[in-house]
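In this note's numbering, the protein residues as written are 127 to 382.
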């Protein structure tokens, strides 16, 4: 009984290490392909598809997050006489954590699934084999443009989401909690430093790379058939979200 349990645990651990190693090798191959001339037309197309089209859902997510967070803490701050700090607290929380993490999760669901579905469909229909026949690297043609697009657009979406989130907090603070607009905005100037924002953008760039690489990996390793495309897409989203939460802890220790 104990032997079987240990065998299962060992097999699970080895499979996870094998998966991590395979993903790292794909990332290394993509970085190596970036030494060649980049396909800027494909990169800009992916930036539009993966980034601009995600603007609406990111805006709604961050707006309501900022509003709800302020709604929860405003009266507590007022009760303890700390209403002069609420703007800075909201801005720091959004800039350091809520902005990059929530934007990363939203992009993992929308962008990561799109990348996996597209690449896995190309694999199932043998289009990737056709690229190899034409002496075109599938990694350079498919993975690199998406990785660069995500690495650029997720931080940009995070900046926009930070502004929307703080605006939502300002709206609730001034219209619901009765805090003066100057008090809210002045506390942001007093307490927030540039690193609170730039640190979040570093996180967002890392999350963008993770979303693109995992989406591409699951697409390239998708099982055959329509069912395999669906399974690969689901696994891609789950893996990306888990990795975002894990890396967020590590990067928070490293940056702050």
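Note that CB positions come from ideal geometry on N, CA and C, so glycine has one too. Quick caveat, the model's predicted, so the values are computed rather than measured.
>> Between which residues of its own chain and residue 281 is the CB-CB distance below 6 Å, once the five residues before and five after are set aside?
In response: Contacts found: 327, 330 and 331.
> Where do the N-terminal and C-terminal ends of the alpha helix (DSSP H) with residue 349 fall, by residue?
Replying inline: No alpha helix (DSSP H) holds residue 349; DSSP gives it neither H nor E.
> Since residue 193 contacts residue 304 with CB under 8 Å, what's their CB separation in whole angstroms?
Replying inline: Contact between residue 193 and residue 304 does not hold, since their C-beta atoms are separated by about 15 Å, which reaches or exceeds 8 Å.
> Which runs of the alpha helix (DSSP H) fall wholly inside the stretch 237 to 282 and span at least 4 residues, in chain order?
Replying inline: Within the stretch 237 to 282, the complete alpha helix (DSSP H) runs of at least 4 residues are 239 to 250 and 253 to 259.
>> On the criterion of 16 or more Cβ atoms from any shown chain inside 10 Å, does residue 220 qualify as buried, or is it exposed?
In response: That one is buried.
> Helix or strand or just coil, what does DSSP make of residue 163?
Replying inline: Note: residue 163 maps to coil in three-state DSSP.
> Hey, quick one: how far does the alpha helix (DSSP H) through residue 217 stretch, first residue to last?
Replying inline: First-last of the alpha helix (DSSP H) with residue 217: 212 to 219.
>> I'd like to check one pair, residue 233 with residue 337: are the Cβ atoms closer than 7 Å?
In response: Cβ atoms of residue 337 and residue 233: closer than 7 Å.
>> DSSP three-state label for residue 235, please.
In response: Helix, per DSSP.
> When you compare only the Cα positions, how much space is there between residue 361 and residue 145?
Replying inline: Their backbone Cα atoms lie some 13 Å apart in a straight line.
> Does the Cβ of residue 313 have 16 or more other Cβ atoms within 10 Å, making it buried, or fewer, making it exposed?
Replying inline: Classification for residue 313: buried.
> Among the residues of its own chain, which have a CB less than 6 Å from the CB of residue 264, if the five just before and after it don't count?
Replying inline: Once the five neighbours on either side are set aside, the close Cβ partners of residue 264 are 254 and 257.
> When the Cα of residue 216 is compared with those of 134, 266, 251 and 288, which residue comes out closest?
Replying inline: The residue with the shortest Cα to Cα distance from residue 216 is 288.
> Whose C-alpha, out of 348, 203 and 365, is nearest the C-alpha of residue 230?
Replying inline: For residue 230, the closest of 348, 203 and 365 by C-alpha to C-alpha distance is 365.
> So, do the stretch 198 to 212 and the stretch 157 to 164 have three or more beta carbon pairs nearer to each other than 8 Å?
Replying inline: Fewer than three Cβ pairs drawn from the stretch 198 to 212 and the stretch 157 to 164 lie within less than 8 Å of each other, which leaves the two stretches out of contact.
> What do you reckon, are the CB atoms on residue 238 and residue 341 nearer than 7 Å?
Replying inline: Yes, they are a contact pair.
> Are the CB atoms of residue 187 and residue 355 nearer to each other than 7 Å?
Replying inline: The Cβ atoms of residue 187 and residue 355 lie no closer than 7 Å to each other.
> Would residue 224 be called buried (16 or more neighbouring beta carbons within 10 Å of its own) or exposed?
Replying inline: By the Cβ neighbour-count rule, residue 224 is buried, with 16 or more other Cβ atoms within 10 Å of its own.
> Which residue from 218, 370, 371 and 311 puts its Cα closest to that of residue 322?
Replying inline: Cα-wise, what sits closest to residue 322 is 218.
> For residue 284, which residues from the same chain have a beta carbon less than 7 Å from its beta carbon, with the 5 sequence-adjacent residues on both sides left out?
Replying inline: Non-local beta-carbon contacts of residue 284 in its own chain, meaning distances under 7 Å to residues more than five positions away in sequence, involve 225, 226, 229, 326, 327 and 330 in chain order.
> From which residue to which residue does the alpha helix (DSSP H) around residue 306 run?
Replying inline: It is not in any alpha helix (DSSP H) - residue 306 carries neither H nor E in the DSSP assignment.
>> Can you list, in chain order, the residues of its chain with a C-beta nearer than 7 Å to that of residue 273? Leave out the 5 residues immediately preceding and following it.
In response: The answer, listed in chain order, is 156, 335, 338 and 339.
> Is the Cβ-Cβ distance between residue 279 and residue 164 less than 7 Å?
Replying inline: Contact: no.
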